[in-house]
Amino acid sequence: MNLLFDTNILIHLAKDTSRRLLTTVINPDNQKIFISVVSISELKSIAVQNKWGIRKWNVVNAILDEAVIIEINEGLTDTYAEIDAFSQRRNPSYANYSFDKPRNMGKNDLWIASTAALLGLKLVTTDADFNHLHQIFIEVQHIKPEFL
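Mapped onto the working numbering, the consecutive letters of the sequence shown carry residue numbers -4 to 143.
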């Protein structure tokens, strides 16, 4: 299954000039990589705020050059609405939820999850914000930060 990298994965990869993490931990099977323009925007903001140097950007640009970049488009809006309503426990298509309280996902995370769902991509992330969507809308590959 092709992979969609969450922003936090890109942050970890930016620190890895050897690309060891990419080839041995995150994508050992050399699957096709997709990245949402939302993640790129988040990454650029983080880079500006933290004064990233050229070295980190060279690593990121090498990954972006190999990846398929996904833009936000109207096709994602229905999926976004379905996932947001589900996360709030207010989606009429679902009677049962595996979680008791609404999950207030960040808007950027909703776009990223929608991209993975619409394109049938496995979402690779270090956080648990997407766990309630696993095997319902998307497949989540959770990597513990301590392994990165």
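Beta carbons are placed, not taken as given, at the ideal position from N, Cα and C, and that holds for glycine.
Whole-Å CB distance - residue i paired with residue j, under 8 Å assumed
i: residue -1; j: residue 31; result: 7 Å
i: residue 121; j: residue 140; result: 5 Å
For residue i, three-class secondary structure by DSSP
i: residue 61; result: helix
i: residue 41; result: helix
i: residue 2; result: helix
i: residue 28; result: strand
i: residue 51; result: helix
i: residue 21; result: helix
i: residue 11; result: coil
Counterpart residues of residue i in DSSP-defined beta bridges
i: residue 135; result: 118
i: residue 145; result: Nothing can be reported for residue 145: it is not among the residues displayed for the chain, which extend from -4 to 143.
Is the region 64 to 81 touching the region 9 to 20, taking contact as three or more C-beta pairs under 8 Å?
Cβ pair count under 8 Å is below three, so no.
Could I get the ranges of all uninterrupted alpha helix (DSSP H) runs contained in the region 78 to 111, with 4 residues as the minimum, in chain order?
As summarised for the region 78 to 111, there are no continuous alpha helix (DSSP H) elements at least 4 residues long confined to that stretch.
Inspect the CB distances between the region 13 to 32 and the region 41 to 48 and report whether three or more fall short of 8 Å.
Verdict: no, contact absent.
Meets three-Cβ-pair contact criterion under 8 Å: the region 83 to 95 and the region 57 to 70:
The way I'd put it, the region 83 to 95 doesn't touch the region 57 to 70; fewer than three beta-carbon pairs between them come closer than 8 Å.
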